[in-house]
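Just so you know, we're using the working numbering here: the sequence shown kicks off at 440 and counts up by one.
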Amino acid sequence: NLHRGESPHNPGPRRACFAEPFSVDFHQRLELQTAILTSILGIETSCDETGVAVFDTRRGLLSEALFSQIALHAEHGGVVPELASRDHVRRLSGLVEQALAEAGVERTDVIAYTAGPGPVGALMVGAAFATGLATAWNVGVIPVHHMEGHLLAPLMSGQAPAFPFVVLLVSGGHTLLVQ
Numbered sequence: 440n441l442h443r444g445e446s447p448h449n450p451g452p453r454r455a456c457f458a459e460p461f462s463v464d465f466h467q468r469l470e471l472q473t474a475i476l477t478s479i480l481g482i483e484t485s486c487d488e489t490g491v492a493v494f495d496t497r498r499g500l501l502s503e504a505l506f507s508q509i510a511l512h513a514e515h516g517g518v519v520p521e522l523a524s525r526d527h528v529r530r531l532s533g534l535v536e537q538a539l540a541e542a543g544v545e546r547t548d549v550i551a552y553t554a555g556p557g558p559v560g561a562l563m564v565g566a567a568f569a570t571g572l573a574t575a576w577n578v579g580v581i582p583v584h585h586m587e588g589h590l591l592a593p594l595m596s597g598q599a600p601a602f603p604f605v606v607l608l609v610s611g612g613h614t615l616l617v618q
């Protein structure tokens, strides 16, 4: 993941990133988490959409709620990070209430949130909301690397690929080839 002016021999200054790179065996971590968790509230605020879902490790996806900010950013010709962050603040609570109600649950066993990469302000909204709600509910939080979420999402479907597999992830300004 090199940026303009960087090379493998000259990595340039370390850029601020809200998430650490992949560092664990995904399959092992997924098995561990699903063995001890039943329900997960997922919060996604990595850019210009506010997304919330309730997932049950035994029953699958119970509900999802999404608000797109495309119209908000259209007049500016692209995403304005400060506007995105403020809109996440406005929308997140209502979307969580909606997703919980549609799932028929009052709370979940754990809360997962997108921890990066993405605009720091938008990520902080999701992290602060998830941490605050987890404190109120007395449950754990799981920070999820945005690209790792894309990578592991197929494992939650009934048609998960067999290990090992190769994936090309292209999401916004982030591209990874993962084996």
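Ideal Cβ placement from N, Cα and C applies to all residues, glycine included.
Under the DSSP assignment, PRO520 falls outside any beta strand (DSSP E), being part of the alpha helix (DSSP H) whose first and last residues are 520–542. If you draw a 10 Å sphere on the C-beta of ARG529, you find fewer than 16 other C-beta atoms in it, and that means exposed.
The beta carbons of GLN537 and ALA523 sit no closer together than 7 Å. As the crow flies, the alpha-carbon of VAL491 is around 10 Å from that of ILE479.
DSSP, read as helix, strand or coil, puts HIS613 in strand. In the structure shown, PRO603 adopts coil according to DSSP, grouped into three states.
Taking all protein chains in view, the Cβ of PHE568 is crowded by 16 or more other Cβ atoms within 10 Å, so the residue is classified as buried. A straight line joining the alpha-carbon of HIS512 with that of ASP487 spans about 8 Å. The distance from the Cβ of THR553 to that of GLY579 is about 16 Å, inconsistent with a contact at the 8 Å cut-off. Beta-carbon to beta-carbon, VAL583 and ALA551 are separated by about 5 Å, close enough to satisfy the 8 Å threshold. Counting only the Cα atoms, ARG525 lies some 31 Å from GLY499.
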